[in-house]
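Presented below is the structure to which this report refers.
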Amino acid sequence: MATAVPDLGPDTGVGLRDLLPLLRPHRRSFLLAAGLSLLGAAGALAQPALVARVIDVVGAGEPLLPAVGLLVVVLLLASALGALQQFVLQRTAEGVVLTTRLTLTDRLLRLPVAEYDRRRTGDLMSRVGSDTTLLRATVTSGVVEVAGSAVVGVGALVAMAVVDVWLLLVTVLAVTIGAVTAVLASRGVRRLSRRAQEEVGAMTAAVERALSAVRTIRASGATAREVATVGASARRAYQAGVQVARLEALVSPAGSIAVQGAFLAVLGVGGYRVADGTISVSALVAFILYLFLLVMPLGQAISAWTQLQTGLGALSRIQEVLRLDPEDDERPERAGGGAPVVRTGGAPLLELDDVSFGYPDGTPVLRGVSLQVPAGSRVALVGPSGAGKSTVLTLIEGFYPLTGGAIRWSGTDVRDLPRAGLRARLGYVEQEAPVLAGTVRDNLLLTRPDATDPELWAVLADVGLTEVVRRSPRGLDVLVGDEGVLLSGGERQRLAIARSLLARPELLLLDEPTASLDARNEGLLRATLAAASSGRALLVVAHRLSTVLDSDQIVVLDEGRVVARGTHAELVDSSPLYRELAAAQLLV
Ligand code: ATP
């Protein structure tokens, strides 16, 4: 299988400005955190001056209590403000993660269907999970702490300049060396952390692939290979992570050498200046305390800068999804459309007129397909595998744009109708008939959340599932799947049909399962189709001709073209391909 990093476009140079739209909804909290951090900075900056004052008071033999008292009060206040600021900041960061997850999920579930064909589900999932988590660190350490640290740092620099400009110059020289090294290293961190996140995406995609087909993989003796595939992605994520750690490890000694150098230089030069009487001891003590104040936020700023780069790596993956245009199903595909979805007399309920189509990868799938489904009628689509039958249904649902021709609903081109309005009139049962994790009730209510229990039971009766559901004492609340009732392929299909019928569609599009059903299930499906056809039209992609023998019209598709149409009896006479299909299923 492909283990390569999913190609979702180049790293589009995401920067801090891309972070702003995500931060904007939380600007009040940010202002509060920034205000608190300013107050905290003022408290921190006052402390060295207050310590110098205590020393001077001791030297002058004045009463000590007021000076010490003030120092203690400022210290306690600054700590309390610091704690409050941390809380506000963390809460804001959680808020930013939440906003991002909500926006991202909303976009992920609204992409045009073609986008899901191009991308791997697991990779998309990891963008909502782990990438958004990384963003949290960016917000806390990255944005506000850097801003807070900058205030303290600049304040400390000003205060140091006031105390002694020469000592300050010595300090700045030592500190600049450390800072430059850190900034250079952080560039690599962003690139590597994006790579690590891409590998996490690839790993999630590999796990998702393996879990979704675990039985087949087990039966094929491929477990070890799948584990190795996931492991390879995990290892690549590990390697990228280790490279990030290596870069970060380079940064921290550069920082500490700069810091220790600054202290030694200040002590040396400062001691000399105290000895020759240029500055007082209290001034040197205050300067050293300011140096502490400068160094601490500098260290924080350096680590925050690297955090920020990690977060921006994750943000670029999030942005890639947010930049994709969602499908707005409240609007028609064509601008300027917007006709209400109404029935007009005369025209068939659904009409495909000379429809051509190819998937985005280019190969033509349908060539000039025309067919009509009059209201209340039953039409079947049959033909060899790969003829394009399922594709016809996805086009009616509007999942892909047509390459040529038109699909009309009661005479109106569906591209001029709001997709949501049209889809509400269609029932669609996919070939794989997905049953969602949850209860039978959850599965049914998907199409009509307001349906009552009697309605649910009625629709279950229509599809012959009453007995299966009644077997469990939990009834409609029985879980479907491993922990509850295990449904056979035929039962899953009928549950999916029940779900569609509940919404009372005018036209039911049904892609019959390809898996062979036993005679009993086949009979039940036939009965279900009969029940489903009362009061609505049916367009069924049939793999078993026996389920559609009594259709009003059977359309035979071969290599994307309609090669014959008619009733079963007519086609047996007129179409060699149909005769062949029927003979293969022992029907003639
Ligand atoms: P079957 O009876 O086996 O279900 P079908 O007649 O329903 O087949 P379709 O599923 O419509 O055939 O597929 C028609 C062609 O389009 C096939 O060659 C298939 O490989 C291709 N195809 C189907 N889905 C996609 C897709 N999402 N992207 C690209 N090609 C696709």
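Residue 589 is where the sequence shown ends in the working numbering, and the numbering goes up by one at each step.
Idealized CB from N, CA, C, for every residue including glycine.
From a predicted model like this one, the values you see are computed outputs, not experimental measurements.
Residues Arg500, Ser501, Leu503, Ala504 of the same chain have their beta carbon placed closer than 7 Å to that of Thr448, with the five preceding and five following residues left out of the count. Beta-bridge partners of Gln373 (DSSP): Glu352.
Minimum Cα-Cα distance from Gly83 among the listed residues Gln586, Gln240, Thr364, Ala42 corresponds to Ala42. In the three-state reduction of the DSSP assignment, Leu33 falls in the helix class, which pools H, G and I.
In terms of Cβ geometry, Leu445 and Val430 do not form a close pair [threshold 8 Å]. Note on geometry: alpha-carbon atoms of Thr364 and Glu581 lie some 27 Å from one another.
Remark: the shortest separation between the CB of His569 and any heavy atom of the ligand ATP does not fall under 7 Å.
Residue state for Gln301 is assigned as helix, using DSSP reduced to three classes. As the crow flies, the alpha-carbon of Glu334 is around 32 Å from that of Arg25. Apart from sequence neighbours up to five positions away, the residues of its chain that approach Ile319 with a beta-carbon distance below 8 Å are Thr101, Leu105, Arg128, Asp132, Thr133, Leu136, ordered along the chain. For Ala151, the closest alpha carbon among the candidates Ala35, Gly262, Val114, Phe88 is that of Ala35. Proximity of the beta carbon of Gln432 to the ligand ATP is indicated: a heavy atom of the ligand is located closer than 7 Å.
At least one heavy atom of the ligand ATP lies less than 7 Å from the C-beta of Ser386.
In this structure, the alpha-carbon of Ala175 lies about 44 Å from that of Arg324. By the criterion of a C-beta distance shorter than 7 Å, Leu396 is surrounded in its chain by Val356, Phe358, Leu403, Ile408, once the five residues flanking it on both sides are discounted.
Asp559 has its CB no nearer than 7 Å to any heavy atom of the ligand ATP. With three or more CB-CB distances shorter than 8 Å, the stretch 53-60 counts as touching the stretch 278-296. When C-alpha distances from Leu526 are compared across Val89, Ala543, Gly156, Gly428, the shortest belongs to Ala543. Set against 7 Å, the gap from the CB of Gly389 to the closest heavy atom of the ligand ATP is smaller.
If you draw a 10 Å sphere on the C-beta of Arg191, you find 16 or more other C-beta atoms in it, and that means buried. In terms of CA proximity to Ala287, Asp165 leads the group Arg29, Glu95, Asn522, Asp165. Between the alpha carbons of Ala302 and Leu32 lies a distance of about 19 Å.
Short note on Asp19: C-beta not closer than 7 Å to any heavy atom of the ligand ATP. Boundaries for Gly62: no alpha helix (DSSP H) harbours it, and the DSSP string shows neither H nor E there. The shortest CA-to-CA distance from Asp551 to any of Leu558, Arg537, Thr568 is the one to Thr568. In the three-state scheme derived from DSSP, where H, G and I count as helix and E and B as strand, Leu558 is classed as strand. Within the stretch 499-538, the complete alpha helix (DSSP H) segments of 4 residues or longer fall at 520-533, listed in chain order. Residue side-chain check: Tyr239 keeps its Cβ at 7 Å or more from all non-hydrogen atoms of the ligand ATP.
Exclusion of Val556 from the 7 Å shell around the ligand ATP follows from its C-beta lying no nearer than that to any non-hydrogen atom of the ligand. Judged by DSSP in its simplified three-state form, Arg379 adopts strand.
For Ile280, there is no enclosing beta strand (DSSP E), as DSSP gives it neither H nor E. Distance from the CA of Gly524 to the CA of His27, rounded to the nearest whole angstrom, comes to 59 Å. Checking the DSSP bridge columns, you'll see Ile408 partnered with Leu353.
Collapsing the DSSP output to three states places Ala53 in a helix.
In the three-state reduction of the DSSP assignment, Thr440 falls in the strand class, which pools E and B. Beta-bridge partners assigned by DSSP to Leu540: Val380, Leu510.
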